[in-house]
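Since the structure comes first, as structure tokens, the remarks are kept for the end.
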Amino acid sequence: MRRRHLIGALLLLAVTLTLMLVWPTRAADGIVRLNPAGGGLLRPDGRPFFVLGYNYEGPFDRAWRMWQQFDRALIAADLARARAGGANTVRIFVQHPLPAEVLAGDFTKLDAVVQLAAEQDLFVLLTFADYAERDLTALAEVGGRIAAHYRDHPAILAYDLRNEPQFFTLATAIYPADLPAPLQRSDLVAVYGERVARADLPAYRASAAGRPLPASWSDDQVYAYANNLAFFRAMIADAERWVLAAPGRSAIGYLSSPEAAGWRPLAEALDGTLRAWITAQTRQIRPADPARPITIGWSNTLLASLPANGELLEIISYHSFPRATPAGIAGTLTHGATLRRLFPTRPVLFEEVGISNATVDEQASGVLEGAMLLRAYSEGFAGYLKWMLTDLPPVGDPVQDRYGGLRTDSSAKPIHRIMGAFGAYLAATAAAPGGLVTVGDGPTYRYETSDAFYAGGSLTDGAVEVRLAAPGQLALRRRGAMMLLATQPGSVTLDLRQLMPAYRTVSAVERREGDTWAPVDIVLTGDRLTFAIAADRPHRVQLTSWFDPATAQAGCQFFAETGHSLCGTFLAYWQRAGGLTTFGYPISEAFPQVQADGVTRTVQYFERNRFELHPEHAGTDYEVLLGLLGNELSVARRSEPAFQPLSAAPAGRDFFAATGHTLGGAFRSYWRQHGGLAIFGYPISEEFQEYRPETGQWYTVQYFERNRFEYHPEHAGTPFEVQLGLLGNQLVDSRGWR
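Count along the sequence shown from 1, add 28, and you get the number used in the numbering used here.
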């Protein structure tokens, strides 16, 4: 995003702060890292991490002057608002006078902001070099000192070398002697022909393209720059024509296309220069904080596609400010998808993204940004950082002034409220991302996953029907109760049986009024619940459920550990087929549930599985069947390497052609001894390492149609060497049913 040019003298505010800084403690100390399975990020505790938050340039009345007119109280209030708006991350920028302070060993201001972020449980994505400095050695010195100061600090998400470097940035930098930059030579003139003659250099120096060049540069340097820039611009023009020649293309994919073959020498010079530019900085930053991810905030599509990004950076960050249309949103996601194809092992982060309200209504832009955010999440991107937290005073560029999630009076725009609801959902969910269905140009959208529903505009079909003053948005999440938030008034109809299959009764529907919950009038027709919804106020629907602890039933076995009973046919099967070791305790009562085949059957959930009653097979071994919970919980993971089918088994392992997977070692012994195909089904993955949040440990695991095996080497030689996953618990929690 363009930075505001400030004219006039700046009054520097002298701030003296004494801080007793202790690195903050999170739920699990450590550093956000790359997912070894590829393409994503993991929290320190091993759970998937989706970056959500805001770019922050300081309090609205001193944006880009935060460090000059430093006010700790104003910054603290802003970061609290960011957190309330769903953020888990803020991006901040190293600008004057911070570099001089860092070199002097004064981290007072930067420490204060990092500490304030940590107090709000916010990660900080720290962008270096958001100031004019060509000398890479000087930049590396500042970056290296910051990295050393924050080594292993749990509040730092990543380091960003620079915001939106362009051709000029790379071509005019001062490189160390051992890292020459190909773009600073004129070799390519022999390949592409001269575009700017030496005789024209005086005029070029005086032109708009030449005036920013260093006055100390020789004619040879200017000659190389002028011609290489001309080649680069011609390549951009060819890339634009290539994009227009076929639908679904992104300029990011141009350099890897056959049509770009003629530009290979220039692409190699660009890539070689970028490698030198990155290395000159990271060779000082990495040793200072070796585990920290590093990225670059790209807005230039061609530079973002260079191979050096994937080889020298951990995160690929991209900036996009799309047209306020569904097609514009789709274009941004296409750019991101192309980056993911180019760099499949690297997380792709939308580091700056937004729509200005200078010409677009806040509700309409909120719907479009909500759709863009949810698509980014559902399609597996690493995160979404909105540009920016707060609008700016209307004294500059009117478009730039209106990108905020908050207005200048700190009141929330619709996108801030939807991000807040989504952030609360992210913090609690155990579900895999769902899919986004774009419905129309209203703008409207629908996003559904196993424990949440989001709608933009009005939708009148499905388990959730929304009738809002269009455009507007609705957010719904389930965690036992259902929580709803709308950005416009209207009404909602919920099919409770579809949303919460184990529900029994509606106990309350309430709306937040200040510090209390007030009852809401409802209409309940069968399983369909309708009520009016007010704008910008949380609503909750409280239900009783078959998962709620119950009282003991006569003639049944009651388990006080979970408050549920096991009766009749299900009790007999549980006792016969493995009992507590194989299935765990019951976590629900028996109740009717519509199955995937559309048939309603009596089911009961256990810690490790689900029993399904088939009365048509009464008296046979098939009267009770086990749910395919391994299949159900791994649907979103089928693209991961461990779930890819094989064509044959390695030596010493059994091959199952039905699923294309193998079985061996301790897992094979356990599978054979404890029920085999009838109890566990076929293997649907190979063995791989997986983090289990319920224990905080990594295990070798293998998925089967009906369960997951976990290997515990600390119990080798005992009955507990192989243990079964708590897939019943996991599925119920991922659906938000309790």
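All residues carry an ideal CB built from backbone N, CA and C; glycine is no exception.
Since this is a predicted model, take the numbers as computed values, not measurements.
Query                                                                                                           : Result
Per-residue DSSP class, three states only, for residue 139                                                      : helix
Buried/exposed call for residue 764, threshold 16 Cβ in 10 Å                                                    : buried
Among 411, 301, 71, 313, the one whose alpha carbon lies nearest that of residue 331                            : 301
Cα-Cα separation, residue 154 to residue 191                                                                    : 10 angstroms
Residue 151 burial status per 10 Å Cβ neighbour count (16 or more: buried)                                      : buried
Cβ contact (3+ pairs, closer than 8 angstroms) linking the region 309 to 316 and the region 288 to 301          : no
Span of the alpha helix (DSSP H) around residue 363                                                             : 354 to 370
Segments of 4+ residues assigned as alpha helix (DSSP H) that fall wholly inside the region 632 to 712          : 657 to 662, 693 to 701, 704 to 708
At least three beta-carbon pairs within less than 8 angstroms, the region 456 to 467 to the region 123 to 130   : no
Pairwise C-alpha distance: residue 70 and residue 76                                                            : 5 angstroms
Residue 393 - containing alpha helix (DSSP H), residue span                                                     : 390 to 406
Coil, strand or helix - residue 313 by DSSP                                                                     : helix
Residue 528 - DSSP class collapsed to helix/strand/coil                                                         : coil
Cβ-based burial, residue 675 [other Cβ within 10 Å; buried from 16]                                             : exposed
Rounded C-alpha distance that separates residue 49 from residue 306                                             : Residue placement at residue 49 cannot be trusted, given a pLDDT of 34 that sits under 50; the coordinates are not used to answer.
Meets three-Cβ-pair contact criterion under 8 angstroms: the region 407 to 419 and the region 375 to 385        : yes
Selection from 165, 669, 288, 673 that minimises the alpha carbon distance to residue 263                       : 288
Rounded straight-line distance, which links the Cα of residue 396 to that of residue 188                        : 27 angstroms
The region 589 to 607 touching the region 619 to 628, judged by at least three CB pairs closer than 8 angstroms : no
Identity of the residue in 741, 746, 657, 760 nearest residue 712 by Cα                                         : 657
Residue 358 versus residue 682: straight-line alpha-carbon distance, rounded                                    : 45 angstroms
Buried or exposed by the 16-neighbour rule on C-beta atoms within 10 Å, applied to residue 515                  : buried
Opening and closing residue of the beta strand (DSSP E) in which residue 114 lies                               : First-last for residue 114: undefined, no H or E at that position.
Same chain, Cβ closer than 8 angstroms to residue 606, neighbours up to 5 away in sequence not counted          : 702, 703, 707
Segment contact flag, the region 416 to 430 with the region 481 to 489, C-beta cutoff 8 angstroms, min 3 pairs  : no
Three-state class that DSSP yields for residue 446 in the structure shown                                       : helix
Contacting residues, own chain, Cβ-Cβ under 6 angstroms from residue 612 (five flanking each side not counted)  : 634, 635, 636
8 angstroms Cβ cutoff met for residue 450 and residue 107                                                       : no
Beta-bridge pairing of residue 344 - partner residues as DSSP gives them                                        : 376
Beta carbon of residue 174 nearer than 8 angstroms to that of residue 141                                       : no
Contact the region 532 to 545 vs the region 579 to 596: 3+ CB pairs below 8 angstroms                           : no
Sheet register partners of residue 533 (DSSP bridge)                                                            : 572
Whole-Å CB distance - residue 60 paired with residue 84, under 8 angstroms assumed                              : About 18 angstroms separates the two Cβ atoms, so there is no contact after all.
Distance between residue 139 and residue 227 (C-alpha atoms, nearest Å)                                         : 53 angstroms
Residue range of the unbroken beta strand (DSSP E) whose run includes residue 331                               : Unbroken run through residue 331 is the alpha helix (DSSP H), 329 to 332; no beta strand (DSSP E).
Residue 190, DSSP secondary structure in three states                                                           : strand
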